[in-house]
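The structure appears right after this line, and notes come after that.
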Amino acid sequence: MADTRKQGFYTVETNIEEMEEKIRKHRRKIAITIAVIVITVAAVAAAAGIYFSLKEYQDYEVRSEIERNDSEATQYELFAGNILRYNNDGAFYADMSDRLIWNQAYEMQVPVVDICENYAVIADLQGTQIYIMNTSGVQGEIETSKPIEAVCVANQGTIAVLTQEDGTSYLELYNKSGENLASGEIHLENSGYPIDIALSNDAKKLAVSILDISKGKAQTTVAFYNFDSVGQNEIDNIVASYSYADTVMPEIDFVSNDRLIAFGDTQVILFEGTQKPEEVLVHKVEKEVKSIFYDKDYYGLVYSNGESNESHTMEVYDMKGKLCLEQKFKISYQNIELLENHEICVRDEYRCEIYTLKGVKKFSYKFDDELYRVFSGGTDRNYTFILDGVMEKVRLK
Numbered sequence: 001m002a003d004t005r006k007q008g009f010y011t012v013e014t015n016i017e018e019m020e021e022k023i024r025k026h027r028r029k030i031a032i033t034i035a036v037i038v039i040t041v042a043a044v045a046a047a048a049g050i051y052f053s054l055k056e057y058q059d060y061e062v063r064s065e066i067e068r069n070d071s072e073a074t075q076y077e078l079f080a081g082n083i084l085r086y087n088n089d090g091a092f093y094a095d096m097s098d099r100l101i102w103n104q105a106y107e108m109q110v111p112v113v114d115i116c117e118n119y120a121v122i123a124d125l126q127g128t129q130i131y132i133m134n135t136s137g138v139q140g141e142i143e144t145s146k147p148i149e150a151v152c153v154a155n156q157g158t159i160a161v162l163t164q165e166d167g168t169s170y171l172e173l174y175n176k177s178g179e180n181l182a183s184g185e186i187h188l189e190n191s192g193y194p195i196d197i198a199l200s201n202d203a204k205k206l207a208v209s210i211l212d213i214s215k216g217k218a219q220t221t222v223a224f225y226n227f228d229s230v231g232q233n234e235i236d237n238i239v240a241s242y243s244y245a246d247t248v249m250p251e252i253d254f255v256s257n258d259r260l261i262a263f264g265d266t267q268v269i270l271f272e273g274t275q276k277p278e279e280v281l282v283h284k285v286e287k288e289v290k291s292i293f294y295d296k297d298y299y300g301l302v303y304s305n306g307e308s309n310e311s312h313t314m315e316v317y318d319m320k321g322k323l324c325l326e327q328k329f330k331i332s333y334q335n336i337e338l339l340e341n342h343e344i345c346v347r348d349e350y351r352c353e354i355y356t357l358k359g360v361k362k363f364s365y366k367f368d369d370e371l372y373r374v375f376s377g378g379t380d381r382n383y384t385f386i387l388d389g390v391m392e393k394v395r396l397k
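Be aware that the sequence shown starts at 1, since it is given in the UniProt record's numbering, and climbs by one per residue.
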């Protein structure tokens, strides 16, 4: 009897072990199957990603379109996720479906715009009118006593204005309501001629590019003013100044609160600093630059290739001076810019080419109607085209 019970016990144990082994094998098979599926899906997705990242699109489908009746002089800027349209007669702020948010009438001969986050300023170049706006509408209006040379805005609505009259340039700061915060003078015979200004996002730093040709050669000085406590201890609030011989620097801009880029005919300079900006990059330019373009992360230079079939070369660098892209292109362009997604858009009246930072010509197309502006969309193939008489939301195909 004892032997029979033991034999029965071992038989049951053996059956359980066999069942557990079968379960383990089944689980392994399921795991392997899942792994194969996951790897296959990932491989297909990766292959699709590579395919679409290298694909050149030569057509598009219109997802929606809105008729427009703007004048030919109308300009378009992306402002806080919506579109700011402006011309000689006024400004119009509407969402991407062209629903009007606000509008402002005025009369300007040469309207210019500067934007910083949720604030914009519109000024009449060589005129005297200035409007300060945010996404809700006009916040302040200023009438200057002297012709406006340049204007820029900070992210809380403070603006800096450069005016000039009778051999003297004037720098003034205003708050968003139009109240004067600070002012100063630059006498041309002593310092030179201010050709551009830039205001940091927090309005605590102001940079001025000053051209001096009094000695028969061009020299540009970039001076930094600090309106915080640090600048109060310095003469005229000037906390730093850098001079560059044989160089004209017609454009300077704060690409972030503590980083300024200065474009010259012989070099590109980057400055960084929270209080007293310092020179951190000197990029010598050996060839004649035809165009510049930039955003907060990259800057680009365009050179002419003379009689070559590839008529232009663009070079794109990051803010450390590293070359990210060198690309030849043939289009005889009128505008080149970095889109919101860091792609490079090259266009003339009727043609458009879009390049990625990897050197892929992503899109090439010749339009029947005049093309005014291109905005990148929320996904990789979506864009907004502003054409003569219509605004189209499209998907490349």
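Don't be surprised by glycine CBs; every beta carbon is placed ideally from N, CA and C. Quantities reported herein were computed from a predicted structural model and do not represent experimental measurements.
Where in the stretch 195–257 do unbroken runs of the alpha helix (DSSP H), each at least 4 residues long, occur, reported from the N-terminal end onward? 229–232
For L387, which residues of its own chain have a beta-carbon under 6 Å away from its beta-carbon, when the five flanking residues on both sides are left out? D369, L371
Quick check on DSSP: helix, strand or coil for E370? Of the three classes helix, strand and coil, the one that applies to E370 here is coil, per DSSP.
List the endpoints of the continuous beta strand (DSSP E) containing E326. 323–329
Can you say whether V239 is buried or exposed, counting buried as having 16 or more other CB atoms within 10 angstroms of its CB? V239 is buried by the Cβ-count criterion.
Near T168, what residues of its chain come up, given a Cβ to Cβ distance below 8 Å and the 5 sequence neighbours on each side ignored? E185, I186, H187, L188
Which class does K393 belong to by DSSP, given the choice of helix, strand or coil? strand
Around the C-beta of Y86, are 16 or more other C-beta atoms found within 10 angstroms, so that it is buried, or is it exposed? buried
Just to confirm, does F227 get its C-beta within under 7 Å of one of the non-hydrogen atoms of the ligand SAH? This structure lacks the ligand SAH; in fact it carries no ligand of any kind.
Could you pull out every unbroken beta strand (DSSP E) segment of at least 3 residues lying fully inside the stretch 157–190, listed in chain order? 159–165, 168–174, 180–187
First and last residue of the beta strand (DSSP E) that includes G300? 298–304
Leaving out five residues on either side along the sequence, give the residues of the same chain with a beta carbon under 6 Å from the beta carbon of K393. R63, S64, T384
Do you know whose CA, among N233, V121, C152, P147, lies nearest E141's CA? V121
Pick from D380, D166, M391, K397: whose alpha carbon is nearest that of S364? Proximity to S364 across D380, D166, M391, K397 peaks at K397, based on C-alpha coordinates.
Write down every uninterrupted run of the beta strand (DSSP E) in the stretch 55–126 whose length is 3 residues or greater and which is fully enclosed by it, in chain order. 60–67, 75–79, 82–86, 90–94, 100–105, 111–116, 119–124
So, helix, strand or coil for E315, using DSSP? strand
Label S209 either buried or exposed according to how many other C-beta atoms from any shown protein chain fall within 10 Å of its C-beta, with 16 as the threshold for buried. Note on S209: 16 or more other CB atoms within 10 angstroms of its CB, so buried under the neighbour-count rule.
Are the CB atoms of A160 and N201 nearer to each other than 8 Å? no
Using only the alpha-carbon positions, how far apart do L260 and L325 sit? In this structure, the CA atom of L260 is about 22 Å from the CA atom of L325.
By how many angstroms is the C-alpha of P147 removed from the C-alpha of D166? 11 Å
Going by C-alpha to C-alpha distance, which of S136, I132, G137 sits closest to V151? I132
Excluding the five sequence neighbours on either side, which residues of its own chain have a C-beta within less than 7 Å of the C-beta of A73, listed in chain order? Spatial neighbours of A73 in its own chain (CB-CB distance under 7 Å, excluding positions within 5 residues in sequence) are listed in chain order as N87, N88.
Residue of E340, V390, A223, D98 minimising C-alpha distance to G377: Just measuring C-alpha positions, the residue of E340, V390, A223, D98 sitting nearest G377 is E340.
What three-state label does DSSP hand T40 in the structure shown? helix
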